[in-house]
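In this text, residue positions in the sequence shown follow this note's numbering: the first is 2, and each later residue adds one.
Don't be surprised by glycine CBs; every beta carbon is placed ideally from N, CA and C.
Okay, structure first, notes after.
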Amino acid sequence: MGLLLHVRQHNYRRTLPNMAASIHVTKFAAAERQLRAAIRLFFEEEDELAIHTVASAAYRLLSDLKDDRGMDEAADTHLTSIFYAVRSYKRGTLPKHMTSRPELMAQIAELAAVLPIEADSSIKDVKVSIDAESAQRYWRNRNKTANFLKHADKDPSATLAATDVDNANLLMQCVGAYTDLFKDQLAPEGLVFWLYSCVRDDDLSSIPPKLQPIATRLQEIHHDELRVFCAEYIRALRHRQSAA
């Protein structure tokens, strides 16, 4: 009986199909995970260079995915920076950090006088294109810090100015590229980062009524404690999601 059992086990092992499986990650899933992680690192006040590297990787993937769908991230970034400034100017809702700069206000007023953007305009109604040279210049400037952190083969003695690491701006561009593709706010990380950015820029005009209470709460928090609060808020939202 013992011999028979041995033979059966042997045959079972020989005929059993290979059950090994591998898990595959899509480009979108990789970009989403990198972006969400970079936002959490930002609010946890982790190393700025590490945050920049992770966020830059997400941004490159998102930009390539947009390109695959016929969109142009460089042109969209150019449009976003102009459209919302001009529309807010027409609405009279520009934040203080912009209205307190006469030279900047003069530039916005000049653009507002010639562009077909009104107080009730939607960015979906405006199209923009940029030439190849402008696109190359955008990516050269955008990738400068990321490339410094990736390569040392040609410039091992190079240095990086601390002011070249602007993670808040990079993450906002990442969130914008993500929402261009997938039309949601990457909750909870993307939602909290967007609210944080609105409060930081003193511009709550685009926040819907249902989110005004949390925006008001963020306004009440001292600047030095704001990122810590956002980190805790994200953890609470993630716990709520996992428990649902």
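>> Please tell me whether Ile-24 and Gly-191 are closer than 9 Å, where the distance is taken between their beta carbons.
In response: no
>> With a threshold of 6 Å on Cβ separation, who are the neighbours of Phe-120 within its own chain once the five nearest residues in sequence on each side are excluded?
In response: The amino acid at residue 120 is misidentified as Phe; the sequence shows Ala. Excluding sequence neighbours, Ala-120 sits near Lys-91, Arg-92.
> Is the CB-CB distance between Arg-143 and Gln-174 below 9 Å?
Replying inline: yes
> By DSSP, does Gly-93 sit in helix, in strand, or in coil?
Replying inline: coil
> Would you call the segment 52-66 and the segment 31-40 touching, i.e. three or more CB-CB distances under 8 Å?
Replying inline: yes
> Helix or strand or just coil, what does DSSP make of Trp-140?
Replying inline: helix
>> Using 8 Å for Cβ pairs, my map puts Ala-51 next to Val-87. What's the rounded Cβ distance?
In response: At roughly 36 Å, the Cβ-Cβ gap does not stay under 8 Å, so Ala-51 and Val-87 are not in contact.
>> With the cut-off set at 9 Å, would you say Leu-171 and Val-129 are in Cβ contact?
In response: no
>> Please report the straight-line C-alpha distance between Glu-221 and Asn-168, rounded to a whole angstrom.
In response: 23 Å
> Any idea if His-98 is buried or exposed, counting beta-carbon neighbours within 10 angstroms, 16 or more meaning buried?
Replying inline: exposed
> How far does the alpha helix (DSSP H) with Asp-181 in it reach, from first residue to last?
Replying inline: 168-183
> Cα separation between Glu-104 and Ala-110?
Replying inline: 10 Å
>> So the candidates are Phe-149, Asp-154, Val-166; which of them puts its Cα closest to the Cα of Thr-160?
In response: Phe-149
> Helix or strand or just coil, what does DSSP make of Gly-71?
Replying inline: coil
>> For Glu-49 and Gln-242, I'd like the C-alpha separation in whole angstroms.
In response: 28 Å
> Contact check, Thr-94 vs Ser-198 under 8 Å by CB: the rounded distance?
Replying inline: Not really, about 15 Å apart at Cβ, beyond 8 Å.
> With C-beta atoms as the reference, is Glu-33 less than 9 Å away from Ala-232?
Replying inline: no
> Phe-183: which of Leu-212, Leu-63, Gln-35 sits nearest, CA to CA?
Replying inline: Leu-63
> So what's Thr-100 in DSSP terms, helix, strand or just coil?
Replying inline: helix
> What separation, rounded to the nearest whole angstrom, lies between the Cα atoms of His-240 and Lys-145?
Replying inline: 37 Å
> Exposed or buried, which one is Glu-134 when buried takes at least 16 other CB atoms within 10 Å?
Replying inline: exposed
>> Rounding to the nearest angstrom, what Cα-Cα distance links Leu-227 and Ala-22 in this structure?
In response: 44 Å
>> Does Val-8 pass the burial test, meaning 16 or more other C-beta atoms within 10 Å, or should it be called exposed?
In response: Low per-residue confidence applies at Val-8: pLDDT is 41, beneath 50, and the placement is therefore not dependable, though the value from the model is reported in the following sentence. By the neighbour-count rule (16 or more Cβ atoms within 10 Å), Val-8 is not buried but exposed.
> In three-state terms, what does DSSP make of Ala-162?
Replying inline: coil
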